[in-house]
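S.K.:
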Amino acid sequence: MTELFLSSIHGMKDLNFDSLKKLTIFLIFATLLVYIMIVGQGIIVPLTIAFFIAFFLVPLSNLLERIHFPRVLAAIVSVLVAIIVLAGLLTLLGSQVQRFASDADQMVQKFSELKDKLPDVVMSNIDDLSVEKGIKFVQSHMGEIFTSLTGFLGSFSVVIIVPIYIVLILVYRDHLKEFLFRVFDRKKAKSSHDEGQGIRKLVPRIRRVVQKYLTGVFYVMCILFVLYSIALFSLGIKHAMLFAAIAASLNIIPFVGPFIGSALPILFAFITKDSLFYPVAVLGCFVVIQAVEGNFLTPKIVGNNVSLNPFITLVALIVGGSIWGVVGMILFIPLVAILKEIFGAIDGLEPYGYLLGDPGTEDSEPKFLTKIVNKIKSKVSE
709 MTELFLSSIH GMKDLNFDSL KKLTIFLIFA TLLVYIMIVG QGIIVPLTIA FFIAFFLVPL
769 SNLLERIHFP RVLAAIVSVL VAIIVLAGLL TLLGSQVQRF ASDADQMVQK FSELKDKLPD
829 VVMSNIDDLS VEKGIKFVQS HMGEIFTSLT GFLGSFSVVI IVPIYIVLIL VYRDHLKEFL
889 FRVFDRKKAK SSHDEGQGIR KLVPRIRRVV QKYLTGVFYV MCILFVLYSI ALFSLGIKHA
949 MLFAAIAASL NIIPFVGPFI GSALPILFAF ITKDSLFYPV AVLGCFVVIQ AVEGNFLTPK
1009 IVGNNVSLNP FITLVALIVG GSIWGVVGMI LFIPLVAILK EIFGAIDGLE PYGYLLGDPG
1069 TEDSEPKFLT KIVNKIKSKV SE
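Residue numbers for the sequence shown follow my numbering, so the first one is 709 and each next one is one higher.
Okay, structure coming up:
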């Protein structure tokens, strides 16, 4: 009995030492990784952007190659198409930002008129100076964000280096895939061993899932942009495309993003319109669109298998913003999604993949709107 007790204590000591050792190695690795990401930001950020854009352009490059374009020419044409589309979007968004900034004085005047119509109890703690400062703050910071984003996109590393990176990644994508095979397969890349075959199935699976996530999120944002634009245009809200673009982009941030994205047009409608119908209608449209997005668009297009834990998503946004700024907030979400898939596919790392994932997607119970649709379908089929 005594020997059994002593052996159990000895086993617990070994377990605690082993866990402490793993934790120490992890903390050292994480510290070095963050340090490298900060110091090597000028190299790592453009390269990361290039890899993500290349994921988007692989289908287009494959299509061009199927119609007998040489791979190099297909890669160059794909990059040129992406540049033209991005330049058009930035030009359109820039004009919308300028129009919104030019309306700041008119918004202050509208609010002053609105203040006179509302009861004193509602407006007793609000003065024109505070409102003017708030509108000027939004105006200046929106301009600063757009200026910093366009400044980053106009820098040498993005204009020159990133397109070159993308072309090279598209041209040598098979070579890079073979490199991953050789890194993970310790038995040699061409070994017939089961482990080697498993790795050869793992890498394409990760590539497909990551590509599905990136393209899926992009498609959802585009659909939301169209839906928000239609809703705001139909209600006669000025700067509809700008508000739609902001709301669609912020949708990637769980909970907080949709709230901020809907609050801006609601507040704008409240200030600029003479009736409460308009802000209430904007709220109703955004609630319906968000319900459609959460119950249909994201599950169908992105897929539940790549859903991220909302808490982890917020942490990734904060960490990405503190390390790489606004660009880091954009890049860290897909980076965490990639880590989730890698952890879930490697033995011993599955718990970390589960931690990064959304536990809600593990539940096979259909969502509320899905239940309603299923009931309607069953009634119709009867």
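Ideal Cβ positions, reconstructed from N, Cα and C, are used throughout, including at glycine.
What do you get for L714, buried or exposed, if any count of 16 or more other CB atoms within 10 angstroms of its CB means buried?
M.R.: Looking up residue 714 in the sequence shown gives position 6. The predicted model places L714 with a pLDDT of 48, which falls under 50 and marks its position as unreliable; any figure quoted below should be read in that light. By the 10 Å Cβ count, L714 comes out exposed.
S.K.: Whose CA, out of F1040, D1066 and L1039, lies closest to the CA of G1052?
M.R.: Taking the first residue of the sequence shown as 1, we reach residue 1052 at position 344. Ranking F1040, D1066 and L1039 by Cα distance to G1052 puts D1066 first.
S.K.: Residues in its own chain within less than 7 Å of M745 by CB, not counting five upstream and five downstream?
M.R.: Taking the sequence shown and counting its residues from 1, one reaches residue 745 at position 37. For M745, where only same-chain residues beyond five positions count, the Cβ hits under 7 Å are I752 and I1031.
S.K.: I need the DSSP call for G1065, collapsed to helix, strand or coil.
M.R.: Against the sequence shown, residue 1065 aligns to sequence position 357. Note: G1065 maps to strand in three-state DSSP.
S.K.: Looking only at DSSP bridge pairs, what is L1043 linked to?
M.R.: The sequence position of residue 1043 within the sequence shown is 335, counting from 1. Looking at the DSSP assignment, L1043 forms no beta bridge with any residue, so it has no partner.
S.K.: Tell me the DSSP secondary structure of L1057 in three-state form.
M.R.: Along the sequence shown, one-based indexing puts residue 1057 at 349. Reduced to three states, the DSSP call for L1057 is coil.
S.K.: Taking only runs that begin and end inside the segment 932-996, name each unbroken alpha helix (DSSP H) of 4 or more residues, in chain order.
M.R.: With a minimum length of 4 residues, the continuous alpha helix (DSSP H) runs that stay inside the segment 932-996 are 948-958 and 964-980.
S.K.: In whole angstroms, what separates the C-alpha of F764 from that of L1063?
M.R.: The residue given as residue 764 occupies position 56 in the sequence shown. The residue given as residue 1063 occupies position 355 in the sequence shown. The straight-line gap from Cα to Cα measures roughly 27 Å.
S.K.: Go through its chain and collect everything with a Cβ distance to P1042's Cβ below 8 Å, but skip five positions before and after it.
M.R.: As a first step, residue 1042 is located in the sequence shown; it is residue number 334 there, counting from the start. Same-chain partners within the cutoff: F760, V918, Y921, L922 and V925.
S.K.: Between which two residues does the alpha helix (DSSP H) containing L772 stretch?
M.R.: The residue labelled residue 772 in the question sits at position 64 within the sequence shown. Its alpha helix (DSSP H) spans residues Q749 to R774.
S.K.: So does the segment 996-1006 actually touch the segment 878-892, counting three or more Cβ pairs closer than 8 Å?
M.R.: Too few Cβ pairs lie closer than 8 Å, so no.
S.K.: Give me, in chain order, the residues of the same chain whose beta-carbon lies closer than 7 Å to that of Y873; leave out the 5 immediate sequence neighbours on both sides.
M.R.: Locating residue 873 in the sequence shown gives position 165, counting from the first residue. Closer than 7 Å at Cβ, skipping near neighbours: P754, L755 and A758.
S.K.: Do A956 and Y936 count as a contact pair if the criterion is CB distance below 8 Å?
M.R.: What you label residue 936 is simply residue 228 of the sequence shown in a count that begins at 1. What you label residue 956 is simply residue 248 of the sequence shown in a count that begins at 1. Yes; because the gap between Cβ atoms is below 8 Å, this pair is in contact.
S.K.: Count the other CB atoms within 10 Å of the CB of D828; is the residue buried (16 or more) or exposed (fewer)?
M.R.: For the purposes of this step, residue 828 is identified with residue 120 of the sequence shown, where counting begins at 1. Any reading at D828 needs caution, since the residue's pLDDT is 49, under 50, leaving its predicted position unreliable; the model's value is listed next. The residue is exposed, with fewer than 16 neighbouring Cβ atoms inside 10 Å.
S.K.: Would the beta-carbon of L1016 fall within 8 Å of that of V1044?
M.R.: Numbered from 1 along the sequence shown, position 308 holds the residue referred to as residue 1016. Numbered from 1 along the sequence shown, position 336 holds the residue referred to as residue 1044. Yes, the Cβ-Cβ distance between L1016 and V1044 is below 8 Å.
S.K.: Using the beta-carbon count (16 or more within 10 Å), is I775 buried or exposed?
M.R.: As a first step, residue 775 is located in the sequence shown; it is residue number 67 there, counting from the start. Label assigned to I775: exposed.
S.K.: Tell me the residue span of the alpha helix (DSSP H) that contains L1016.
M.R.: Counting from one through the sequence shown, the residue named residue 1016 turns up at place 308. Neither: L1016 is in no alpha helix (DSSP H) and is coded neither H nor E.
S.K.: With 16 other CB atoms within 10 Å as the buried threshold, where does P778 fall?
M.R.: As a working mapping, residue 778 is identified with position 70 in the sequence shown. Counting Cβ neighbours within 10 Å, P778 comes out exposed, since fewer than 16 surround it.
S.K.: At a cut-off of 7 Å, is K1048 close to the ligand MN when judged by its beta-carbon and the heavy atoms of the ligand?
M.R.: This structure simply doesn't include the ligand MN, nor any ligand for that matter.
S.K.: Can you give me the start and stop residues for the alpha helix (DSSP H) that I877 sits inside?
M.R.: Locating residue 877 in the sequence shown gives position 169, where the first residue counts as 1. I877 -> alpha helix (DSSP H) spans V870 to V879.
S.K.: Is it right to say T980 is buried, meaning 16 or more other beta carbons lie within 10 angstroms of its own, or is it exposed?
M.R.: Mapped onto the sequence shown, residue 980 falls at position 272. Under this definition T980 is a buried residue.
S.K.: Pull up the distance between the alpha-carbon of S803 and that of E1058, whole angstroms please.
M.R.: For the purposes of this step, residue 803 is identified with residue 95 of the sequence shown, where counting begins at 1. For the purposes of this step, residue 1058 is identified with residue 350 of the sequence shown, where counting begins at 1. If I take the Cα positions, the gap works out to 47 Å.
S.K.: Is it buried or exposed for A783, if we count other Cβ within 10 angstroms and need 16 for buried?
M.R.: Your numbering for residue 783 matches position 75 in the sequence shown. By the 10 Å Cβ count, A783 comes out buried.
S.K.: Between which residues of its own chain and L728 is the CB-CB distance below 6 Å, once the five residues before and five after are set aside?
M.R.: Within the sequence shown, the letter at position 20 stands for residue 728. Counting only Cβ-Cβ distances below 6 Å, and skipping sequence neighbours, we find nothing.
S.K.: Where does L728 sit, in a helix, a strand or coil, going by DSSP?
M.R.: Within the sequence shown, the letter at position 20 stands for residue 728. Reduced to three states, the DSSP call for L728 is helix.
S.K.: Go through its chain and collect everything with a Cβ distance to I1046's Cβ below 7 Å, but skip five positions before and after it.
M.R.: Walking along the sequence shown from the start, residue 1046 turns up at place 338. The residues are V918.
S.K.: By the three-class DSSP mapping on this structure, what secondary structure does F734 have?
M.R.: For the purposes of this step, residue 734 is identified with residue 26 of the sequence shown, where counting begins at 1. It is helical.
S.K.: For C993, which residues from the same chain have a beta carbon less than 6 Å from its beta carbon, with the 5 sequence-adjacent residues on both sides left out?
M.R.: Here the question's residue 993 lines up with position 285 in the sequence shown. Hits under 6 Å: A939.
S.K.: Quick one: grab the DSSP three-state call for P912.
M.R.: For this step, residue 912 is matched to residue 204 along the sequence shown. In the structure shown, P912 sits in a helix (DSSP, three-state: H, G or I).
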